[in-house]
Amino acid sequence: RLFNFFRKFQESVIYTGGSFLNDAEIPASAQLALIRRIAKIKQVECITVESRPEYIDIRKLAELKLLLKGKQLKVAIGLETQSDRIRTESVHKGFSSNDFAQALHSLKDQGIYTIAHVFIKPLFLPEEASIREAIASARYALGEGANEVVFQAGTVHPHTRMYEEYQKGNYQPPDLNSIIAILKNTYALGNIQIADFNDVPRPVAEPQSCGKCSTLIKKALVKFRVDHDLAALTAISCDCPGYKRTKRDGY
Numbered sequence: 001r002l003f004n005f006f007r008k009f010q011e012s013v014i015y016t017g018g019s020f021l022n023d024a025e026i027p028a029s030a031q032l033a034l035i036r037r038i039a040k041i042k043q044v045e046c047i048t049v050e051s052r053p054e055y056i057d058i059r060k061l062a063e064l065k066l067l068l069k070g071k072q073l074k075v076a077i078g079l080e081t082q083s084d085r086i087r088t089e090s091v092h093k094g095f096s097s098n099d100f101a102q103a104l105h106s107l108k109d110q111g112i113y114t115i116a117h118v119f120i121k122p123l124f125l126p127e128e129a130s131i132r133e134a135i136a137s138a139r140y141a142l143g144e145g146a147n148e149v150v151f152q153a154g155t156v157h158p159h160t161r162m163y164e165e166y167q168k169g170n171y172q173p174p175d176l177n178s179i180i181a182i183l184k185n186t187y188a189l190g191n192i193q194i195a196d197f198n199d200v201p202r203p204v205a206e207p208q209s210c211g212k213c214s215t216l217i218k219k220a221l222v223k224f225r226v227d228h229d230l231a232a233l234t235a236i237s238c239d240c241p242g243y244k245r246t247k248r249d250g251y
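Counting with the numbering used here, you get residues 1 to 251 for the letters of the sequence shown.
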């Protein structure tokens with residue numbers, strides 16, 4: 001019954017909340033069995049998995065590609081930021097930009113489509129700095145050869161450090177106008193996308209702006225995810241502080 005669900009889509013994304021290629025999370029036999037089963041579904045043309053750099057095993061990936069029998073394999077890595085300091089102090093990711101670059105190049109050498117996830121507004125970064133960092137991180141990832149950058153905007157979930165800081169008034173998810181600024185300033189760099197905010201379980205706080213433009217921007221983001229057209233986003237204007245700040249800063 002589960003695999004009948006995949007028949008509705010051309011692309012299958014196997015999201016584990018961790019690293020699909022980590023044998024300690026998903027046994028190697030289960031990885032192979034899952035890929036083998038999905039690869040048999042005619043409608044599925046592409047399979048995407050996520051992994052940390054240290055689990056990028058070329059021999060395993062070669063085996064997965066063989067099982068896919070010509071279907072496309074995409075591997076996403078959570079780069080989060082081009083800054084080693086921010087990735088260590090704010091995200092606690094535990095790997096370096098060099099680790100990311102080495103893994104990316106290994107994947108590229110195997111002809112595997114690569115996706116870099118970039119986090120918008122990590123902890124301890126002011127709004128203006130988070131815009132600059134997201135733009136710089138996208139430029140870095142694409143410059144290293146990533147085929148695509150997917151922005152992940154900060155959302156707040158219980159039992160996390162971000163939630164603790166949010167409760168203290170020290171953190172707010174990024175303003176929706178900041179997300180527009182980031183997309184406008186990275187769109188021409190390459191294949192850029194923005195992930196949905198509808199995590200499960202639902203966040204207690206997600207990107208917002210003022211009551212006037214929040215709904216408009218969220219609808220425009222839904223459209224952008226489908227048609228990759230900036231027009232609906234760039235057409236939005238408002239007199240709220242978030243909009244004025246991005247215009248003041250030249251975005």
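Even glycine gets a Cβ: it sits at the ideal position worked out from N, Cα and C.
In the three-state reduction of the DSSP assignment, T114 falls in the strand class, which pools E and B. Across the set G70, I86, G111, N198, the C-alpha of G111 shows the shortest separation from the C-alpha of I58. A distance below 8 Å separates the beta carbons of E165 and L123. Look at K74 here: in three-state DSSP terms it is strand.
Restricting attention to N185, Q152, T186, the CA atom closest to the CA of P173 is found in Q152. With contacts defined as CB atoms closer than 8 Å, E45 and Q72 qualify as a contacting pair. Collapsing the DSSP output to three states places A195 in coil. For V204, the secondary structure class from DSSP, reduced to helix, strand or coil, is coil. For E128, the enclosing alpha helix (DSSP H) has its first and last residue at 127 to 143. Distance from the CA atom of T186 to the CA atom of A141, rounded to whole angstroms, is 11 Å.
Bounds of the beta strand (DSSP E) holding I47 are 46 to 50. Here D99 has P53, E54 as same chain residues with Cβ atoms under 8 Å from its own Cβ, once five neighbours each way along the sequence are excluded.
In the three-state reduction of the DSSP assignment, S90 falls in the helix class.
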